[in-house]
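**Q** Shown below is the structure under consideration.
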Amino acid sequence: GAVVSQHPSRVICKSGTSVKIECRSLDFQATTMFWYRQFPKQSLMLMATSNEGSKATYEQGVEKDKFLINHASLTLSTLTVTSAHPEDSSFYICSARFYNEQFFGPGTRLTVL
Amino acid sequence: DQQVKQNSPSLSVQEGRISILNCDYTNSMFDYFLWYKKYPAEGPTFLISISSIKDKNEDGRFTVFLNKSAKHLSLHIVPSQPGDSAVYFCAASAGFSNDYKLSFGAGTTVTVRA
Numbered sequence: 046g047a048v049v050s051q052h053p054s055r056v057i058c059k060s061g062t063s064v065k066i067e068c069r070s071l072d073f074q075a076t077t078m079f080w081y082r083q084f085p086k087q088s089l090m091l092m093a094t095s096n097e098g099s100k101a102t103y104e105q106g107v108e109k110d111k112f113l114i115n116h117a118s119l120t121l122s123t124l125t126v127t128s129a130h131p132e133d134s135s136f137y138i139c140s141a142r143f144y145n146e147q148f149f150g151p152g153t154r155l156t157v158l
Numbered sequence: 005d006q007q008v009k010q011n012s013p014s015l016s017v018q019e020g021r022i023s024i025l026n027c028d029y030t031n032s033m034f035d036y037f038l039w040y041k042k043y044p045a046e047g048p049t050f051l052i053s054i055s056s057i058k059d060k061n062e063d064g065r066f067t068v069f070l071n072k073s074a075k076h077l078s079l080h081i082v083p084s085q086p087g088d089s090a091v092y093f094c095a096a097s098a099g100f101s102n103d104y105k106l107s108f109g110a111g112t113t114v115t116v117r118a
């Protein structure tokens, strides 16, 4: 099946720093990638839709200046959490679309101290 | 506004028996439905899907049923195995008309007892 990787799997940073998370589709090209956030014991909340070569589309309530998304190629999208604060601590998951289905990465656990 | 609802947060079933997970949706534009399995601190894994033109799709131990008139779908797992213990998410998509975005339910935690 289609494989999506995320890096890093876990990151701890100080408040005020920026963190970049990479999402790669390893064996297929994905024109569309999605970024989700999951709080403990809750569902996956879509943050933004990332299309290769164009600006990301953010869901209502998601700050685009805080969560910078770049989709530079058909196999790579990055999410940068800028000036991270403790409330940004969460589990971030990306997915890559292949036809009608989305294949998810393993997730990145971000902890902001 | 929760467009996909999983009203049972948890389900406990004995090994070998059937697990039935339910999901309801409100958006009539949804035309593709998926079930994902998720372990803690991991990304969701695709299980099975169904298009709105079908009412049943089967893959091994997993069967998904779709009742469009009731806006309801269910996932049957039979026989249930200990390795099936996980959180199961129902998801729905309106396809191209909505950039293939997925709306997720809140999840149902399945525990299979030996």
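Chains Y and W, in that order, are what the protein sequence lines are. To convert, take the position in the first sequence, counting from 1, and add 45; that gives the numbering used here. To convert, take the position in the second sequence, counting from 1, and add 4; that gives the numbering used here. Beta carbons: idealized from backbone N, C-alpha and C, even for Gly. Everything numeric in this text was worked out from a predicted model, so none of it was measured.
1. Among residues of its own chain, excluding the 5 on either side of Y/Ser134, which ones have a beta-carbon nearer than 8 Å to its beta-carbon?
2. Taking Cβ-Cβ distances below 7 Å as the criterion, which residues of the region 101–113 of chain W are in contact with chain Y?
3. Are the C-beta atoms of W/Glu62 and some chain Y residue less than 8 Å apart?
4. Do you know whose CA, among W/Thr115, W/Arg117, W/Ala110, lies nearest W/Trp39's CA?
5. Name the chain Y residues whose beta carbon is nearer than 9 Å to that of W/Ala90?
6. Which class does Y/Glu108 belong to by DSSP, given the choice of helix, strand or coil?
7. Any chance you could list the beta strand (DSSP E) runs of at least 3 consecutive residues sitting entirely within the region 76–131 of chain Y, in chain order?
8. So what does DSSP say about W/Asn31, is it helix, strand or coil?
9. How many angstroms separate the CA atom of W/Pro83 from the CA atom of W/Phe66?
10. Would you identify the three-state DSSP class for W/Phe100, choosing helix, strand or coil?
11. State the start and end residues of the unbroken beta strand (DSSP E) segment that holds W/Asn11.
12. With a threshold of 16 other CB atoms inside 10 Å of the CB of Y/Val48, please say whether the residue is buried or exposed.
13. Starting from the beta carbon of W/Phe34, find every residue of chain Y whose beta carbon is closer than 8 Å, and list them in chain order.
14. Residues of chain W with CB closer than 8 Å to the CB of Y/Thr94, please, in chain order.
15. Against Y/Glu146, what residues of chain B qualify as contacts under a CB-to-CB distance less than 8 Å, listed in chain order?
16. Using only the alpha-carbon positions, how far apart do W/Lys60 and Y/Ser95 sit?
17. Can you find a C-beta in chain Y that's less than 8 Å from the C-beta of W/Gly99?
18. Tell whether a beta-carbon distance below 8 Å holds between Y/Thr153 and Y/Ile57.
19. Using a Cβ-Cβ cut-off of 8 Å, state whether Y/Pro199 counts as contacting chain W.
20. Quick check on W/Asp59: does DSSP put it in helix, strand or coil?
21. Spatial neighbours of Y/Gln147 within its chain, please: CB distance less than 8 Å, with the 5 preceding and 5 following residues excluded, ordered by chain position.
**A** On the basis of the supplied data:
1. Leu155, Thr156, Val157
2. Asp103, Tyr104, Lys105, Leu106, Phe108, Gly109, Ala110, Gly111
3. no
4. W/Ala110
5. Within chain Y, no residue comes near W/Ala90; the closest Cβ sits about 14 Å away, beyond 9 Å.
6. coil
7. 77–83, 89–96, 112–118, 121–126
8. coil
9. 9 Å
10. helix
11. From DSSP, W/Asn11 is part of no beta strand (DSSP E); its letter is neither H nor E.
12. exposed
13. Correct list: empty, because the minimum Cβ distance to chain Y is about 12 Å.
14. Asp103, Lys105
15. In the displayed structure, chain B is absent; the protein chains listed are Y and W.
16. 32 Å
17. yes
18. no
19. Residue numbering for chain Y in the displayed model covers 46 to 158; residue 199 of chain Y lies beyond these limits and cannot be assessed.
20. coil
21. Phe79, Ser140, Ala141
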